[in-house]
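Heads up: the protein sequence lines correspond to chains A and B, in order.
Here the first sequence stands for residues 2 to 438, numbered as in the working numbering.
Here the second sequence stands for residues 2 to 438, numbered as in the working numbering.
Protein chains: 2
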Amino acid sequence: MKKSIVNARIITMDEKMTEYKKGFLTMEGDRIVRLGDMESFQEEGEIIDGKNGILMPGMINTHAHLGMLPFRSLGDDVKDRLRRFLFPLENQYMNKNLAYWGAKYSICEMLLGGVTTVLDMYYFEDEIAKAVDAMHMRAILGETVADLETCDSREPGSGFAYAEEFIHKWKNHKLITPCIAPHATNTNGEESLKRAKKISEIYQLPITMHVAEMDYEMKYFKDTYSMTPVKFLDSIGCLDESLIAAHCIHLSKEDIELLRKRNVGVAHCIGSNTKSAKGVADIKALLDSGIRVGLGTDGATSGNTLDVLTQFKLFANFHKLKNKDRSIFPAQEIVALGTIRGAKTLHLDKLAGSLEVGKQADFVLLETDSANMFPVFNPYSVIVYSANSGNVDTVFVAGKCLVRHKKLVEVELQTVRNGLLGAMEEMLGSDIVKTVN
Amino acid sequence: MKKSIVNARIITMDEKMTEYKKGFLTMEGDRIVRLGDMESFQEEGEIIDGKNGILMPGMINTHAHLGMLPFRSLGDDVKDRLRRFLFPLENQYMNKNLAYWGAKYSICEMLLGGVTTVLDMYYFEDEIAKAVDAMHMRAILGETVADLETCDSREPGSGFAYAEEFIHKWKNHKLITPCIAPHATNTNGEESLKRAKKISEIYQLPITMHVAEMDYEMKYFKDTYSMTPVKFLDSIGCLDESLIAAHCIHLSKEDIELLRKRNVGVAHCIGSNTKSAKGVADIKALLDSGIRVGLGTDGATSGNTLDVLTQFKLFANFHKLKNKDRSIFPAQEIVALGTIRGAKTLHLDKLAGSLEVGKQADFVLLETDSANMFPVFNPYSVIVYSANSGNVDTVFVAGKCLVRHKKLVEVELQTVRNGLLGAMEEMLGSDIVKTVN
């Protein structure tokens, strides 16, 4: 049966940036079958009143660690908390159950914040896939492999077997694309990186990892190889269009040229990168080169919120300041980074990222009744500079309504929180948790 | 009759940063009369269940232009939009009615976002005071005077008569402190600045203005006086503890030393200053010198949202990055800037800014039921890095409940919006509005 959202201000984010001031969107099954001005609307099927809200494509989070949710607000302002708290906590307390419930809760938060597609890399990725599947979200999910002992691979490198099994299990899922995720250039050696690349080639799947994020990573590559991490990845054949490189804070001009030539996608995590005082990637230079760039929240221990709206505001202010120009990156371009450009970064733009006939019905309705959402002279400005996750009224993924009137449709948030709390029990009694803050 | 909020996680922001993990706060009339752990609670009077939310002092917005609300989302990303759009719009369309409704709407938004005290400077300040009075908010309100034609003073300088009349009318109000607000160092000449200073001395009231905000302001003072604006203000006797200087982006070491010596308060507007690509004030240096600093949203055309929670997140990320240190400005210090330090900046710390017996019952309850508000290992982290205005559940000012369950108690937001829309009618038909975006 057809379903239509009517009486909404529609920003399609298609190539022409088509807008409908008072428009409708009709879907059938999982796809958009029609959209336009209300004058051309023909009533048929179920009608949902958009109440003058802003209808936009579902937002795309190109870098996250969903399972880390239970550690949020622990040691935010502590130096090197990654090695002091997070790695030990993960190694000791992360298990299948905690990963599943952490991911499920994260998905609830993302959906409630208007995110319809996520690229995740974490451990126990099979559990995370189960949560994504249960929640009907769109995702690219990468099992993390590293040359370290990790919570799901006690023998360094044993994550590869897990990863291949994971890929086999999920490779034909409608909404989930499995992938492989070496942890980072500095936590995976050459052999391990090449092995991951090989797997991505065999299965024709994406590969994602942290690249040029850390000061010590840059120093290590300079000291060891007299190369940047990007140049190193290229030298071992790991740089091509299948790679989605997260962070990319520290890039030389040559690195940018390499990323462009190899058609690498970049997941830019402005919130995480600045809260941790690491730096601001030169997104202007990347975009000027034609590189595909999307926005990522990073894990909830790094960026705290999992919605792309938070990233919009931070992106605007950091990049306007960096470029000393208030007119650079007008709001419309920033919304594009969180929608169509994010989809391109993940090679999902044939399915998602804009509202167009034939594409999947992944969209978000922002209400404009709240105090912060008025006036709407420019809907992109309202989205970037005013909106927060609390303004997300309705969310559809692949034609299915997952959020309505700011509540999850299929599950109670409190039920998921209770599940997560149960899984956190052991961790809550740990000395680390008691002493962090 | 006594009223108590019970079962809340209380952060008092008092000198010892006292916290109650499961606490209560009892008020009588406009004052806090008791607070502590639930174990010591004695039931009496009305009980409000805090439902494990976070109870904190009402937030303090030290710099705003409430009347500008109707221009929000107009020309955000346009170069020099102040002179191209905003000044012309103000000159042509701002009037008593629009100022009143713009302010009233802004107050609704602030209250719904947890702001209980605001320092405003704008035109038709008498209208703004009427709106503040009607809404029962705490405020310092300054009529803006400038050596330009302004919307409420067609003869340059005629704002002084308005200002004195305004001060007379409001100087004995319980919640409102009138003040005088020269527009800026570069839009008020020496005579006008001295005259404003004189008025502030006669009535023993604060004075506020924009200081060291603009590149062209810095150049003007260098070219004309071979001085910084701060040094110039000092040279004409305008620098003392009655001054609340907004922005202060461009300060020399000598300026900082002068601000300290004269005990000037600074209203730091990180969101506005970075969105406009102007710069990041050196707040670490100001605080290290012992200067009183609070946070400000600026007008809704500059910072867009009017809540202090937005400023917290931006403050954290910008100042951590500026100082290349993720551990600088831990979340607790940032919350202090929006509460007790803001109150000190405005010389209102005997009344507000922390939850202490004898102080005014100005407080905010943040719910922790929403997805973004869990887990709460560190309540300050949750406030700074996760919370948004949509998490504000309950707000009291001077013992009166103004927001409950995320809705205004005394008025419907939609009624105020309708009033504002009516006042905007003429402006909505203007060519400027039609062509800005």
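Think of the CB as a built atom: it goes at the ideal place given N, C-alpha and C, for glycine as much as any other residue.
message: Going by beta-carbon coordinates alone, are residue 124(A) and residue 144(A) separated by less than 9 Å?
response: Within the first sequence, the letter at position 123 stands for residue 124(A). Within the first sequence, the letter at position 143 stands for residue 144(A). In contact: residue 124(A) and residue 144(A) (Cβ atoms closer than 9 Å).
message: Can you tell me whether residue 341(B) is buried or exposed? The criterion is at least 16 other CB atoms within 10 Å of its CB, across all chains shown.
response: Numbered from its first residue, the second sequence carries residue 341(B) at position 340. Classification of residue 341(B): buried, given that the 10 Å Cβ count is 16 or more.
- prompt: When you compare each of 300(A), 346(A), 434(A) to residue 377(B) by their alpha carbons, which one comes out closest?
  reply: As a first step, residue 377(B) is located in the second sequence; it is residue number 376 there, counting from the start. It is 434(A) whose Cα lies nearest to the Cα of residue 377(B).
task: Under 6 Å Cβ to Cβ from residue 303(A), same chain only, skipping five residues before and after it: list those, please.
output: Against the first sequence, residue 303(A) aligns to sequence position 302. Excluding residues within five positions, the ones whose Cβ falls inside 6 Å are 273.
- prompt: With 16 as the cutoff for other CB atoms within 10 Å, does residue 2(B) come out buried or exposed?
  reply: Numbered from 1 along the second sequence, position 1 holds the residue referred to as residue 2(B). The residue is exposed, with fewer than 16 neighbouring Cβ atoms inside 10 Å.
query: Under 9 Å, do residue 278(A) and residue 322(B) count as touching if we go by C-beta distance?
result: Residue 278(A) sits at position 277 when you count from the first residue of the first sequence. Residue 322(B) sits at position 321 when you count from the first residue of the second sequence. Yes, they are a contact pair.
Residue 90(B) versus residue 409(A): straight-line alpha-carbon distance, rounded: Walking along the second sequence from the start, residue 90(B) turns up at place 89. Walking along the first sequence from the start, residue 409(A) turns up at place 408. Taking the straight line from one Cα to the other gives about 42 Å.
query: Listing by chain order, which chain A residues have their CB less than 8 Å from the CB of residue 391(B)?
result: Stepping through the second sequence from its first residue, residue 391(B) is reached at position 390. Neighbours of residue 391(B) on chain A, chain order: 371, 389, 390, 391, 392.
query: Which chain A residues sit within Cβ distance under 8 Å of residue 332(B)?
result: Within the second sequence, residue 332(B) is the residue found at index 331, counting from 1. Per Cβ cutoff of 8 Å: 77, 78.
message: Which residues of the region 351-380 of chain A have a Cβ closer than 9 Å to any Cβ of chain B? Give them in chain order.
response: 370, 371, 372, 373, 375, 376, 377, 378, 379, 380
task: Compare the beta carbon distance of residue 100(B) and residue 118(B) with 9 Å and say whether it is the shorter of the two.
output: Reading the second sequence from its first residue, position 99 is the one you call residue 100(B). Reading the second sequence from its first residue, position 117 is the one you call residue 118(B). Not closer than 9 Å, so no.
query: In terms of alpha-carbon separation, which member of 37(A), 314(A), 265(A), 372(A) lies closest to residue 15(A)?
result: As a first step, residue 15(A) is located in the first sequence; it is residue number 14 there, counting from the start. Per the Cα distances, 37(A).
Inter-residue spacing [alpha-carbon to alpha-carbon] between residue 347(A) and residue 354(A): The residue given as residue 347(A) occupies position 346 in the first sequence. The residue given as residue 354(A) occupies position 353 in the first sequence. Cα to Cα, residue 347(A) sits roughly 10 Å from residue 354(A).
field: chain A residues whose Cβ lies nearer than 7 Å to that of residue 109(B)
entry: Mapped onto the second sequence, residue 109(B) falls at position 108. Result: 372.
- request: Can you have a look at residue 305(A) and say buried or exposed, based on whether 16 or more other CB atoms are within 10 angstroms of its CB?
  value: Here the question's residue 305(A) lines up with position 304 in the first sequence. Flag for residue 305(A) reads buried.
query: Just curious, the alpha helix (DSSP H) that residue 336(B) is in, first and last residue?
result: Translated into positions along the second sequence, residue 336(B) becomes position 335. Counting along the chain, the alpha helix (DSSP H) containing residue 336(B) begins and ends at 332-339.
field: Three-way DSSP call (helix, strand, coil) for residue 408(A) in this model
entry: To locate residue 408(A), count along the first sequence from 1; it is residue 407. The answer is strand: DSSP assigns residue 408(A) an E or B state.
- request: Within its chain, find whatever has a CB closer than 7 Å to the CB of residue 94(A); leave out the 5 residues flanking it on each side and keep chain order.
  value: Counting from one through the first sequence, the residue named residue 94(A) turns up at place 93. For residue 94(A), where only same-chain residues beyond five positions count, the Cβ hits under 7 Å are 427, 428, 431.
- prompt: Do residue 294(B) and residue 256(B) have their C-beta atoms within less than 9 Å of each other?
  reply: In the second sequence, the residue the question calls residue 294(B) occupies position 293. In the second sequence, the residue the question calls residue 256(B) occupies position 255. No.
task: Would you mind sorting residue 217(B) into buried or exposed? The rule is 16 or more other CB atoms within 10 Å of its CB.
output: Residue 217(B) sits at position 216 when you count from the first residue of the second sequence. When all chains shown are included, residue 217(B) counts as exposed.
query: Which residues of chain B have a Cβ atom closer than 7 Å to the Cβ of residue 418(A), listed in chain order?
result: Your numbering for residue 418(A) matches position 417 in the first sequence. Neighbours of residue 418(A) on chain B, chain order: 375.
- prompt: Would the beta-carbon of residue 62(A) fall within 9 Å of that of residue 307(A)?
  reply: One-based indexing of the first sequence puts residue 62(A) at position 61. One-based indexing of the first sequence puts residue 307(A) at position 306. Yes; because the gap between Cβ atoms is below 9 Å, this pair is in contact.
message: Given this structure, state the Cα-to-Cα distance separating residue 120(B) from residue 300(B), to the nearest angstrom.
response: Position 119 of the second sequence, counting from 1, holds the residue named residue 120(B). Position 299 of the second sequence, counting from 1, holds the residue named residue 300(B). Their Cα atoms are separated by approximately 11 Å.
message: Just verifying my parser: in three-state terms, what is the DSSP assignment at residue 144(A)?
response: What you label residue 144(A) is simply residue 143 of the first sequence in a count that begins at 1. Three-state DSSP puts residue 144(A) in a strand.
query: Could you check where the beta strand (DSSP E) with residue 180(B) kicks off and where it finishes?
result: To locate residue 180(B), count along the second sequence from 1; it is residue 179. Taken as a continuous stretch (DSSP letters only), the beta strand (DSSP E) holding residue 180(B) covers 177-183.
Test item: CB-CB of residue 204(B) and residue 179(B) under 9 Å: Locating residue 204(B) in the second sequence gives position 203, counting from the first residue. Locating residue 179(B) in the second sequence gives position 178, counting from the first residue. In contact: residue 204(B) and residue 179(B) (Cβ atoms closer than 9 Å).
query: Do residue 280(B) and residue 250(B) have their C-beta atoms closer together than 9 Å?
result: Mapped onto the second sequence, residue 280(B) falls at position 279. Mapped onto the second sequence, residue 250(B) falls at position 249. A contact, by the Cβ cut-off of 9 Å.
query: Are any of the Cβ atoms in chain A nearer than 9 Å to that of residue 415(B)?
result: In the second sequence, residue 415(B) corresponds to position 414, counting from 1. Chain A, which has a Cβ nearer than 9 Å to the Cβ of residue 415(B), makes this yes.
task: Out of 55(A), 77(A), 243(A), 264(A), point me to the one whose CA is closest to residue 382(A)'s CA.
output: Taking the first sequence and counting its residues from 1, one reaches residue 382(A) at position 381. Answer by Cα proximity: 55(A).
- prompt: With C-beta atoms as the reference, is residue 416(A) less than 9 Å away from residue 392(A)?
  reply: Sequence index remark: in the first sequence, residue 416(A) carries index 415 (1-based). Sequence index remark: in the first sequence, residue 392(A) carries index 391 (1-based). For residue 416(A) and residue 392(A), no; Cβs fall outside 9 Å.
query: Below 9 Å between beta carbons: does that hold for residue 276(A) and residue 327(B)?
result: Taking the first sequence and counting its residues from 1, one reaches residue 276(A) at position 275. Taking the second sequence and counting its residues from 1, one reaches residue 327(B) at position 326. Yes, these two residues count as a Cβ contact at 9 Å.
query: Thinking C-beta only, is residue 166(A) closer than 9 Å to residue 127(A)?
result: For the purposes of this step, residue 127(A) is taken as the residue at position 126 of the first sequence. For the purposes of this step, residue 166(A) is taken as the residue at position 165 of the first sequence. Yes.
message: Just to check my reading of the structure: residue 243(A) and residue 292(A) have Cβ atoms closer than 8 Å, yes? What is that Cβ distance to the nearest angstrom?
response: Within the first sequence, the letter at position 242 stands for residue 243(A). Within the first sequence, the letter at position 291 stands for residue 292(A). In fact, because the Cβ distance is near 15 Å, the residues do not count as touching under 8 Å.
field: Distance between residue 122(A) and residue 66(A) (C-alpha atoms, nearest Å)
entry: Indexing the first sequence from 1 puts residue 66(A) at position 65. Indexing the first sequence from 1 puts residue 122(A) at position 121. Those two C-alpha atoms are separated by around 5 Å.
message: Looking at the strands, I want to know which residues DSSP matches up with residue 116(B).
response: For the purposes of this step, residue 116(B) is taken as the residue at position 115 of the second sequence. Answer is 60(B), bridged to residue 116(B).
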